[in-house]
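A.B. asks: In terms of numbering that gives the first Met the number 0, the sequence shown opens at residue 0 and continues consecutively. Don't be surprised by glycine CBs; every beta carbon is placed ideally from N, CA and C. Mind having a look at this structure? Questions to follow.
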Amino acid sequence: MDLKRAIMERISRRAFLDEPVEKLKLEQLEAAVWECNRAGDINIKIVTDDPAPFGAKNTYGMISGAKNYLAMIRKAGDPDGDEKLGYYGESLVLLATGLGLGTLWVAGTYNKNECNVKVADDEVLRCVIVFGNVKDRETLKEKALSKTIKRNTKEIKDLLLSDVMVPNWAVDGVRYALRAPSAQNRQPVRFVCSEDAVLAKVDETHENDLIDLGIAKLHFEIGAGGGNWEFGNAGIFTK
Ligand SMILES: Cc1cc2nc3c(=O)[nH]c(=O)nc-3n(C[C@H](O)[C@H](O)[C@H](O)COP(=O)(O)O)c2cc1C
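What follows is the structure, encoded as structure tokens:
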């Protein structure tokens, strides 16, 4: 599936079916994880059949049937590590969406200590991305949860700061960034467009801001029709 379409179709899913993910889809995810780890010097791991971190008391009843996930692991000392997990992790989310799977970034409503994954002394497990088969349409409970969490969804003018004429590709970038998942739907990333550059920044007041930054940068890049981001808060985009 085209990445722009995957962005437009993706929503967080919280009710997973008790059906294993097809082998072919898992293999495609595995290949993509390997490539992300190589490109970003991170250590994402695929875990299947491990429901323990998502017991009802860990998810406050918000998530059901979760048992497959990507453990989002990075080097403890990597200053761009969170952002890279966001950027590369979201590319895996969009791949999974294209494969017809449901996904959910989870940083809060799970029990990290119950994840069946090895994390080295110089690494940190920052969050997980649950994936799996889901019903075609959201269940009533999923809809209600999503409506509550997404009460204050932002608009282009809230995310785009500029004193100059903004090129169409940058507006398109922000349009796709608006669709980016973010912790608690805070949508903390701002795009600043000046005469010669676009940069993306967060104020780093929330522990997941830099993960959200990486996710939003990928969405912007896809919406803008390609280009390159410098990693780092206030990193610059080159078209
Ligand atoms: C880094 C990160 C952490 C998140 N953690 C959780 C979580 O712990 N529990 C949960 O139900 N949703 C979590 N979410 C999903 C967000 O609530 C969701 O992306 C946001 O409400 C926007 O909704 P959408 O993804 O359907 O567009 C997280 C998202 C991100 C990006």
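Determine the DSSP secondary structure at I237, reduced to helix, strand or coil.
C.D. replies: Note that residue 237 is Thr in the sequence shown here, rather than Ile. Three-state result, T237: strand.
A.B. asks: How about N207: is its Cβ closer than 8 Å to a heavy atom in ligand 3?
C.D. replies: With respect to small molecules bound, the structure shown includes ligand 1 and not ligand 3.
A.B. asks: Determine the closest residue to K3 out of A65, Y175 and I72, with distance taken between C-alpha atoms.
C.D. replies: K3 has its Cα closest to that of Y175, out of A65, Y175 and I72.
A.B. asks: Do A176 and ligand 1 come close, with the Cβ less than 8 Å from some heavy atom?
C.D. replies: No, the Cβ of A176 stays beyond 8 Å of every heavy atom of ligand 1.
A.B. asks: Can you check DSSP and say which residues form a bridge with Y59?
C.D. replies: The partner list for Y59 (beta bridge, DSSP) is empty, contrary to what the question assumes.
A.B. asks: Can you list, in chain order, the residues of its chain with a C-beta nearer than 6 Å to that of R9? Leave out the 5 residues immediately preceding and following it.
C.D. replies: For R9, where only same-chain residues beyond five positions count, the Cβ hits under 6 Å are T96.
A.B. asks: Do three or more CB pairs link the stretch 143-161 to the stretch 87-102 at distances below 8 Å?
C.D. replies: Because the criterion of three Cβ pairs below 8 Å is not met, the stretch 143-161 and the stretch 87-102 do not touch.
A.B. asks: Could you check the C-alpha separation between D79 and N232 for me, to the nearest Å?
C.D. replies: Going from the Cα of D79 to the Cα of N232 covers about 9 Å.
A.B. asks: Taking only runs of the alpha helix (DSSP H) that begin and end inside the stretch 40-105, which ones reach a length of at least 4 residues, in chain order?
C.D. replies: The qualifying runs are 55-58 and 80-97.
A.B. asks: Can you find a heavy atom of ligand 1 that lies under 8 Å from the Cβ of V105?
C.D. replies: The answer is yes for V105.
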